[in-house]
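Under our numbering, the first residue of the sequence shown is numbered 183, with each subsequent residue one higher.
As structure tokens, the structure follows; a few thoughts come after it.
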Amino acid sequence: MIRRLRSAYRRLRLGTRLALGLGALSLVVFAVVGTALTTYMGDYLERQLGEQMKLVQVVQSKDAAVHGTVRRQPYYGWYTAVYDVSGGSARLRKPADVPADVRPLTALAEQRAHSRDELVRTARIGGQGRYRLRACAVEPGVVLVSAAPMDGIEDTVDQLITVQVVAFGLALLALVPAGRRLLRRGLKPLSDMAHTAHGIASHDLTESAARLPLRDDGRDGGPEVEELRTAFNTMLEHIDDSLAVRAEAERRLRRFVADASHELRTPLMSVRGYADLFQYAAANAPGERDRHLARLRAEAARMGVLLDDLLLLARLDAAEAETPLRPAETDLAELVRQAADAFRASHPDHPLTVTAGPRAVRLRLDPQRVRQVLDNLLTNAAVHTPAGTDVSVAVRVAPGTARVTVADAGPGIPPADRERVFDRFYRVDKARSRDRGGSGLGLAVARSLVRAHGGAIDLTSRPGETVFTVSLPLGER
183 MIRRLRSAYR RLRLGTRLAL GLGALSLVVF AVVGTALTTY MGDYLERQLG EQMKLVQVVQ
243 SKDAAVHGTV RRQPYYGWYT AVYDVSGGSA RLRKPADVPA DVRPLTALAE QRAHSRDELV
303 RTARIGGQGR YRLRACAVEP GVVLVSAAPM DGIEDTVDQL ITVQVVAFGL ALLALVPAGR
363 RLLRRGLKPL SDMAHTAHGI ASHDLTESAA RLPLRDDGRD GGPEVEELRT AFNTMLEHID
423 DSLAVRAEAE RRLRRFVADA SHELRTPLMS VRGYADLFQY AAANAPGERD RHLARLRAEA
483 ARMGVLLDDL LLLARLDAAE AETPLRPAET DLAELVRQAA DAFRASHPDH PLTVTAGPRA
543 VRLRLDPQRV RQVLDNLLTN AAVHTPAGTD VSVAVRVAPG TARVTVADAG PGIPPADRER
603 VFDRFYRVDK ARSRDRGGSG LGLAVARSLV RAHGGAIDLT SRPGETVFTV SLPLGER
């Protein structure tokens with residue numbers, strides 16, 4: 183996990199470098215956009231100049247039709263020439279206001295002689311610079327050519343380019359230091375998270391009681407950083423809780439192994455002792471063989487019951503595909519009555535009251551396992567209460583749930599023991615012998631079986647009353 187956090191931090195720092203690269207790329211994009219804008223501005227100015235020349239030539243064409251030439255130059259720096267093209271070649275009429283190099287004008291006039299469209303060209307006139315040329319027909323065989331200088335357009339474009347270059351340069355100079363400061367400030371919360379991760383890495387997480395007291399409690403950064411900080415702290419809380427659960431599970435496992443070893447060792451030692459006595463009695467006192475053999479069988483049966491309970495709990499905890507339950511359509515009220523009859527026969531010193539109702543309560547459950555739950559609860563009430571204590575069992579139906587309550591009027595369960603009565607090998611009365619108090623697996627088996635049926639078992643207790651409530655869902659399962 184820590185390696186992934188460090189890797190994420192390195193990726194974030196790489197992202198900041200990429201952000202700087204993107205900033206430089208944005209400047210390149212701006213330069214491309216500026217170039218496109220400059221090109222568009224130049225074309226726009228040239229079109230405007232062409233429209234202006236077209237309007238000027240309307241007046242000049244009338245002047246040339248009347249006088250044969252254009253007597254008046256419209257603007258300073260403009261040139262105007264009238265050509266006769268009737269003979270196939272362009273011949274300049276005099277007088278004419280033309281530059282020393284008339285070749286571009288003459289070439290355009292000759293092209294116009296062979297075309298019906300108005301021609302517009304951009305050409306360089308020797309010693310003058312670039313000019314915009316436009317040719318139009320005055321009358322058949324006569325062509326008017328006007329030349330307008332493009333110095334103004336070129337100056338405007340050059341100034342626009344200069345402004346863009348200066349602006350982009352200033353933006354670049356401002357972006358680098360400002361961007362570095364902003365990125366450092368933005369990365370500070372991430373750096374704090376990295377320091378927290380280093381602090382966590384210094385902890386020994388292999389300890390069973392390991393905890394993670396470190397948290398990132400910064401307040402800097404935008405919503406994205408705050409979201410990352412929240413996720414980071416949530417992950418630490420989850421890890422902390424997982425470590426606590428692991429520590430508790432290890433503690434319970436060690437206690438379970440110790441208790442199971444102790445519980446199994448007692449009948450094993452008894453079996454070994456009675457086996458030795460049986461061997462001695464068989465050789466020297468044959469009359470005692472039956473008594474020792476009966477004790478051997480009793481201890482073996484006790485150990486078998488203990489192992490069966492442990493195996494059942496293990497199968498229920500493992501959530502095996504082949505569940506140990508064999509559900510069938512069963513009358514829960516009838517199961518309660520059967521368990522009550524067995525309880526009266528085995529514990530006649532405890533008066534039992536049964537409230538099962540006349541109506542059947544049909545459920546899909548494993549009758550043997552539910553009967554085992556009822557027997558465990560009733561036996562628990564008899565074992566942990568003095569003789570003559572009233573015991574009651576009742577069946578009730580609530581919306582979607584069938585409830586069985588087993589209650590006794592005994593001394594109750596101390597508050598410190600209520601949360602642990604369902605733990606394995608836990609006994610409320612520590613002084614009670616195993617022969618009377620059992621192995622401490624009865625309530626644990628009962629809770630696991632009820633949960634396997636999709637139900638729940640609850641306990642309420644106070645002096646003079648202890649009530650176990652088993653809730654089972656109604657309907658198909």
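No residue lacks a Cβ here, since even glycine has one placed at the ideal position from N, Cα and C.
All of these numbers come straight from a predicted model, not from anything done at the bench.
(message) So, with DSSP's three-state summary, where would you put Ala282?
(response) coil
(request) Could you confirm whether any beta carbon from chain B is found closer than 9 angstroms to the beta carbon of Val302? (result) No chain B appears in the structure shown, which is made up of a single protein chain.
(request) Would you check if the segment 210-219 and the segment 324-340 touch, i.e. whether three or more CB-CB distances between them fall below 8 angstroms? (result) no
(message) Rounded to the nearest angstrom, what separates Gly351 and Gln341 at their Cα positions?
(response) Going by the C-alpha atoms only, they are around 15 angstroms apart.
(request) With DSSP as the reference, label Val649 as helix, strand or coil. (result) strand
(message) Quick check on this structure: which residue in Tyr265, Pro286, Ala289 and Ala272 has the alpha carbon closest to the alpha carbon of Ala278?
(response) That would be Tyr265, whose Cα lies nearest to the Cα of Ala278.
(request) Within 10 angstroms of the Cβ of Arg312, are there 16 or more other Cβ atoms? Answer buried if so, exposed if not. (result) exposed
(request) Sort Ala482, Leu364, Leu237 and His249 by Cα distance to Tyr257 and report the nearest one. (result) Leu237
(request) Quick one: using the 10 Å Cβ neighbour count with 16 as the cut-off for buried, is Ala503 buried or exposed? (result) Residue confidence for Ala503 is low, a pLDDT of 44 falling below 50, so the modelled location carries little weight; the figure read from the coordinates is stated next. So Ala503 ends up on the exposed side.
(request) Give the straight-line distance between the Cα atoms of Val649 and Thr587, rounded to the nearest whole angstrom. (result) 7 angstroms
(request) Between the Cα of Pro645 and those of Gly592, Thr378 and Leu656, spot the shortest distance and give me the residue it belongs to. (result) Gly592
(request) Assess, as a yes-or-no matter, whether the segment 298-312 is touched by the segment 343-363 under the definition of 3 or more beta carbon pairs within less than 8 angstroms. (result) Verdict: no, contact absent.
(request) Please work out which residues of its chain come closer than 8 angstroms, Cβ to Cβ, to Arg629, disregarding the five sequence neighbours upstream and downstream, and give them in chain order. (result) Answer for Arg629: Phe604 and Ile639, listed in chain order.
(message) Using a 10 Å radius around the Cβ and a threshold of 16 neighbouring Cβ atoms, would you call Leu625 buried or exposed?
(response) Counting the other Cβ atoms within 10 Å of the Cβ of Leu625 gives 16 or more, which makes it buried.
(request) For Arg303, write down the residues that DSSP places opposite it in a beta bridge. (result) Leu315
(message) At the level of alpha carbons, what is the spacing between Lys244 and Ala319?
(response) 11 angstroms
(request) Report buried or exposed for His380, applying the criterion of at least 16 other Cβ atoms within 10 angstroms of its Cβ. (result) Taking all protein chains shown into account, His380 has fewer than 16 neighbouring C-beta atoms within 10 Å of its C-beta and is therefore exposed.
(message) Just to confirm the assignment, what range does the alpha helix (DSSP H) spanning Ser630 have?
(response) Gly624 to Ala634
(request) Return the chain-ordered list of same chain residues with a C-beta closer than 8 angstroms to the C-beta of Leu476, the five sequence neighbours on each side being excluded. (result) The question names Leu, yet the displayed sequence has Ala at residue 476. Within the same chain, no Cβ atom closer than 8 angstroms to the Cβ of Ala476 is found once the five residues on either side in sequence are excluded.
(request) Enumerate in chain order the residues of its own chain whose CB-to-CB distance from Gly594 is below 8 angstroms, with the five nearest sequence positions on each side excluded. (result) Ser643, Arg644, Pro645, Gly646, Glu647 and Thr648
(message) Among the candidates Gly334, Trp260 and Ala291, whose CA atom is the shortest distance from the CA of Ala280?
(response) Note on identity: in this sequence residue 280 is Val, with Ala being the wrong assignment. Nearest option by C-alpha distance: Trp260.
(request) Under 7 angstroms Cβ to Cβ from Arg544, same chain only, skipping five residues before and after it: list those, please. (result) Glu511 and Asp513
(message) Quick check: Val518 and Val427, are their CB atoms within less than 9 angstroms of each other?
(response) no
(request) Quick one: grab the DSSP three-state call for His583. (result) The displayed chain sequence assigns Thr, not His, to residue 583. Strand at Thr583.
(message) Counting beta carbon pairs with one atom in the segment 218-235 and one in the segment 282-300, are three or more of them shorter than 8 angstroms?
(response) With fewer than three CB-CB distances shorter than 8 angstroms, the segment 282-300 does not count as touching the segment 218-235.
(message) Based on DSSP bridge pairs, tell me the residues matched to Pro331.
(response) Tyr313
(request) Identify the continuous beta strand (DSSP E) that holds Arg544 and give its terminal residues. (result) Per DSSP, Arg544 is one residue of the beta strand (DSSP E) stretching across Arg544 to Leu547.
(message) Can you give me the C-alpha to C-alpha distance between Met223 and His377, rounded to a whole angstrom?
(response) 55 angstroms
(message) Using the three-state DSSP reduction, which class does Val427 fall into: helix, strand or coil?
(response) helix
(message) With a threshold of 6 angstroms on Cβ separation, who are the neighbours of Ala304 within its own chain once the five nearest residues in sequence on each side are excluded?
(response) One detail in the question is off: residue 304 reads as Thr in this sequence, not Ala. Within the same chain, Thr304 has close Cβ partners Arg314.
(message) So, at 6 angstroms on beta carbons, what are the nonlocal neighbours of Val652 in its own chain, with the 5 sequence-adjacent residues on each side left out?
(response) Val586, Val632 and Ile639
(message) Tell me which residues share the same chain as Leu290 and place their Cβ nearer than 7 angstroms to its Cβ, disregarding the 5 neighbours each side in the sequence.
(response) Leu301, Arg303, Leu315, Ala317 and Val327
(request) Check the DSSP bridge columns for Glu511 and list the partner residues they point to. (result) Arg546
(request) Would you identify the three-state DSSP class for Arg229, choosing helix, strand or coil? (result) helix
(request) Give the C-beta separation of Asp531 and Ala563 to the nearest angstrom, bearing in mind that I take them to be a contact with Cβ-Cβ under 8 angstroms. (result) A Cβ-Cβ distance of about 12 angstroms is found for the pair Asp531 and Ala563, leaving them out of contact under the 8 angstroms criterion.
(request) State the Cα-Cα distance for the pair Glu567 and Phe414, rounded to the nearest angstrom. (result) For the sequence presented, residue 567 should be read as Thr rather than Glu. Cα-Cα distance, rounded: 53 angstroms.
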